[in-house]
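Reminder that position 47 of the sequence shown reads as 165 in the numbering used here, one-by-one numbering, no gaps. Glycine included, every Cβ here is placed at the ideal spot set by N, Cα and C.
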Amino acid sequence: MHTALAHLDEPPTLAAVGIGVHGPAGRVEVFSLPDLWQLHLYGYDADLTVDGTEHTIRPGRVSLVPPGTEVRYRYRGRSEHRYVHFRLGTGGAPTSIPVIQSAGPELAFLEAQLQQALTAWPHTPARAVAEVWGALWRIAGLAPARERTAQDFHPAVAAAVALIEARLTEPLTVPEIAKAVGVSHNHLTRLFRAATGETVVGYLRARRMERARHFLCATTLSIPAVAASVGIPDLQAFNKTCRRELGASPRGIRAARPVQAERSSAQKYSATFPPPAATVH
119 MHTALAHLDE PPTLAAVGIG VHGPAGRVEV FSLPDLWQLH LYGYDADLTV DGTEHTIRPG
179 RVSLVPPGTE VRYRYRGRSE HRYVHFRLGT GGAPTSIPVI QSAGPELAFL EAQLQQALTA
239 WPHTPARAVA EVWGALWRIA GLAPARERTA QDFHPAVAAA VALIEARLTE PLTVPEIAKA
299 VGVSHNHLTR LFRAATGETV VGYLRARRME RARHFLCATT LSIPAVAASV GIPDLQAFNK
359 TCRRELGASP RGIRAARPVQ AERSSAQKYS ATFPPPAATV H
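Here's what the structure looks like:
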């Protein structure tokens, strides 16, 4: 096994967080966790076989093994690692993650997150869950571009989306976005349409209108304040855009206050893109 499919849209349910010590009782261990995922952050050299596929453990590597998968460890002496055993939900699109990979420059952040989880567990489980969930998303982002699935963003598209989300309140043009992410206007347009099926302008407009809908339905902000908060301070232009994109005037949208909001553009496109003492376990 080279990769695992993990559903990360819901927080994990933790079963155990700790520091495992292996090697002194035997150089070879073969086991599986029938119902639990295994996350290990290594500080030693060893050999690992996951479902018949051989991998090499080195300090600073991290592994993620799905439930029911047989693992065989061959240790070279006392071996200590951080571990988390947990369950994952089934919501959202699955993310393909290598079963073992180098943490690279993210190592210090992962160590800190797992240390915080270990400190919090089990007395503050919500904090532990938050730290592990964050670590899982960080691990999902480690894979180099050649290992990513076809659904993932091109780096320029991902950077453009992040820029749009951060600057929805500001005037933005496609040339400005393209320059900021380091590609030409035309190249960004092609990449964006290939990744999302949408133009950059269309995505920007959809995100602004989704945010406007939220503010109109969920807050008592004035309509001019809502318009300014989504980068369309001209009230006439804002009113026209709301009618065209949302099917009603800002006042009409606020009066309707739908009970069930439509799935946001962010969710739509995310489906496209992509502590204590050591214990032996």
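Endpoints, the alpha helix (DSSP H) within which residue i is located
| i | result |
| --- | --- |
| Glu147 | Where Glu147 is concerned, there is no enclosing alpha helix (DSSP H), although the beta strand (DSSP E) it sits in stretches over Val146 to Phe149. |
| Leu123 | Note, Leu123: premise wrong, no alpha helix (DSSP H); beta strand (DSSP E) at Thr121 to Ala124. |
| Thr237 | Leu225 to Ala238 |
| Ile137 | Here Ile137 belongs to no alpha helix (DSSP H); instead the beta strand (DSSP E) covers Thr131 to His140. |
Straight-line Cα distance separating residue j from residue i
| i | j | result |
| --- | --- | --- |
| Leu309 | Arg323 | 18 Å |
| Ala133 | Leu232 | 14 Å |
| Arg176 | Tyr193 | 11 Å |
| Phe149 | Gly207 | 23 Å |
| Ala384 | Leu290 | The pLDDT assigned to Ala384 is 45, lower than 50, so where the model puts this residue is not dependable, and the model offers no usable value. |
| Leu339 | Ala238 | 38 Å |
| Leu94 | Ala253 | The structure shown has nothing for residue 94, since the chain only spans 119 to 399. |
| Thr121 | Ile215 | 5 Å |
| Ser382 | Glu328 | At Ser382, the pLDDT of 43 sits below 50, so the modelled position is not reliable; the number obtained from the coordinates is stated separately. So the alpha carbons of these two residues sit roughly 6 Å apart. |
| Val301 | Gly320 | 19 Å |
| Glu363 | Ala355 | 12 Å |
| Leu159 | Ala277 | 28 Å |
| Pro273 | Arg205 | 30 Å |
| Thr314 | Lys358 | 25 Å |
| Val135 | Ala330 | 41 Å |
| Ala346 | Thr337 | 14 Å |
| Leu306 | Leu281 | 13 Å |
| Val279 | Val146 | 47 Å |
| Gly365 | Pro342 | 19 Å |
Spatial neighbours of residue i in its chain, beta-carbon cut-off 8 Å, leaving aside the 5 residues before and after
| i | result |
| --- | --- |
| Ala248 | Pro129 |
| Pro152 | Pro185 and Gly186 |
| Arg311 | Thr317 |
| Arg361 | Ser367 |
| His173 | Asp165, Leu166, Thr167, Ser181, Val217 and Ile218 |
| Arg256 | Glu224, Phe227, Leu228 and Gln231 |
| Pro293 | His303 |
Secondary structure of residue i, DSSP reduced to three states
| i | result |
| --- | --- |
| Glu188 | coil |
| Val247 | helix |
| Arg176 | coil |
| Ile295 | helix |
| Gly370 | helix |
| Lys386 | Residue placement at Lys386 is flagged as unreliable, the pLDDT there being 49, under the threshold of 50; a coordinate-derived value is accordingly withheld. |
| Arg375 | coil |
| Gly300 | coil |
| Tyr321 | helix |
| Leu159 | strand |
| Ala355 | helix |
| Leu290 | coil |
| Thr242 | coil |
| Val183 | strand |
| Thr314 | helix |
| Thr307 | helix |
Cut-off 7 Å between Cβ atoms - residues of its own chain near residue i, not counting five sequence neighbours on either side
| i | result |
| --- | --- |
| Leu334 | Val344, Pro368, Ile371 and Arg372 |
| Glu288 | Gly349 |
| Gly161 | Pro177, Glu198 and His199 |
| Arg326 | Leu286, Val348, Gly349 and Ile350 |
| Thr131 | Phe204 and Arg205 |
| Pro243 | Leu132 |
Unbroken beta strand (DSSP E) run spanning residue i, endpoints
| i | result |
| --- | --- |
| Thr213 | Thr213 to Pro216 |
| Glu198 | Ser197 to Arg205 |
| Thr338 | First-last for Thr338: undefined, no H or E at that position. |
| Ala284 | Here Ala284 belongs to no beta strand (DSSP E); instead the alpha helix (DSSP H) covers Pro273 to Ala284. |
| Leu166 | Ala164 to Val168 |
Cβ shell of residue i (< 6 Å), same chain only, five flanking positions each side left out
| i | result |
| --- | --- |
| Asp213 | For clarity, residue 213 is Thr in the given sequence; the question names Asp instead. Contacts found: Ala124, Leu126 and Ala258. |
| Leu157 | Leu182 and Val202 |
| Met119 | Val168, Asp169, Thr171 and Val217 |
| Gln234 | Glu249 |
| Arg190 | Val148 and Thr167 |
| Ala225 | A small fix is needed here, since residue 225 is Leu in this sequence, not Ala. Correct list, in chain order: Gly178. |
| Leu140 | The sequence shown places His at residue 140, rather than the Leu named in the question. Counting only Cβ-Cβ distances below 6 Å, and skipping sequence neighbours, we find Tyr193 and Ser197. |
| Val299 | Ala274, Ala277 and Ala278 |
* Three CB pairs or more closer than 8 Å across the segment 205–225 and the segment 164–184 -> yes
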